[in-house]
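If you count the sequence shown from 1, position 10 lands on 10 in UniProt numbering, and the numbers rise without skipping.
Note sheet for the following structure.
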Amino acid sequence: MIPIYTTDGVPTAGAGPIEQAWPVWCENSDVGNGLDELAKSAVQRGAHAIIALRINSYFNSHYIRTKYVLVGTAVILAPSD
């Protein structure tokens with residue numbers, strides 16, 4: 001899988017600049033499964049990481065459970081200098 005960060009950049013030494021970025025999101029009843037879902041969708045398009053992760057929740061009274069909405073930015077990094 002790829003790393004997922006809550007920061008607005010990739011906070012690792014030697015990471016190159018962001019070359020491409022696009023939004024990724026999902027809705028899931030489990031945060032861990034949601035993170036896996038986000039990572040899989042980002043990897044399918046060639047992402048190296050997901051940044052700016054935000055997690056919100058709401059109660060779905062129809063299914064009587066809490067749902068989580070995960071939103072982030074998938075990024076492709078250029079080679080570092």
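Just so you know, even glycine gets a beta-carbon here, dropped at the ideal spot from N, CA and C.
A direct Cα-Cα distance of roughly 23 Å separates P3 from K67. Comparing C-alpha distances from T12 to each of L38, L53, S41 and A49 shows the shortest one belongs to A49. For S57, the enclosing beta strand (DSSP E) covers residues A49 to N60.
For a cut-off of 8 Å, the C-beta gap from I76 to V10 is around 11 Å, too long to register as a contact. Separation of the CB atoms of L53 and T6 is rounded to 5 Å, and the pair is thereby assigned contact status at 8 Å. Note on geometry: alpha-carbon atoms of P17 and A78 lie some 5 Å from one another.
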